[in-house]
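Asker: In terms of our numbering, the first sequence opens at residue 166 and continues consecutively.
Before we start, here is the structure in question, set down as structure tokens.
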Amino acid sequence: MVRRIPRGRVATYGQVAELAGLARQPRLVGYALHALPSTTTVPWQRVINARGMVSLRPGGDGWLRQRLLLEREGVLFDARGRVSLEKFRWHPSRRWPVKKVRK
DNA sequence: ATAGTGACTGGAA
DNA sequence: CTTCCAGCCACTA
């Protein structure tokens with residue numbers, strides 16, 4: 166699911182969980198990302214919390230790395246280290262039908 | 001089996 | 001607008 170998030174856009178844990186069919190289990194998304202190998206090609210940096218902030222230890226290595234990766238792809242952070250979800254949230258175009266397409 | 005711990009969240013304060 | 005807090009539930013020891 167995370168691989169679908171386009172460059173320069175972000176999604177929240179809850180959003181990813183929802184889209185992945187794991188409603189109400191955003192933490193599971195966090196566990197999954199936490200378990201990724203350092204060599205992963207999954208764009209994990211594009212997943213942030215519902216407050217628009219990086220959910221890693223503030224000031225820590227991971228925190229800084231995630232922020233740099235995002236800024237590198239055009240995501241802006243305000244002075245308080247927050248991303249405007251209104252501007253950068255990814256809105257997936259419904260492609261794989263939820264149920265059955267009418268017609 | 002029990003208890004503690006979160007890469008979380010929505011709602012209350 | 002912000003911070004706080006209870007609910008959350010898989011995972012681990």
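Beta carbons are placed, not taken as given, at the ideal position from N, Cα and C, and that holds for glycine.
1) Within the continuous alpha helix (DSSP H) that includes residue 253, where are the two ends?
2) Suppose only complete runs of 3+ residues qualify. What are the beta strand (DSSP E) ranges in the region 173 to 213, listed by chain order?
3) Which residues in the same chain as residue 212 place their Cβ atom closer than 8 Å to its Cβ, once the five residues preceding and following it in sequence are excluded?
4) Please report how far the alpha carbon of residue 183 lies from the alpha carbon of residue 237, in whole angstroms.
5) Please list, in chain order, all residues of the same chain as residue 242 whose beta carbon is under 8 Å from its beta carbon, the five residues on each side excluded.
6) Within this structure, are the beta carbons of residue 228 and residue 219 separated by less than 9 Å?
7) Any idea if residue 225 is buried or exposed, counting beta-carbon neighbours within 10 angstroms, 16 or more meaning buried?
8) Helix, strand or coil: how does DSSP classify residue 243 here?
Answerer: In this structure, then:
1) 250 to 253
2) none
3) Hits under 8 Å: 167, 170, 175, 176, 177, 178, 181, 194 and 198.
4) 27 Å
5) 232, 235, 236 and 248
6) yes
7) The residue is exposed, with fewer than 16 neighbouring Cβ atoms inside 10 Å.
8) coil
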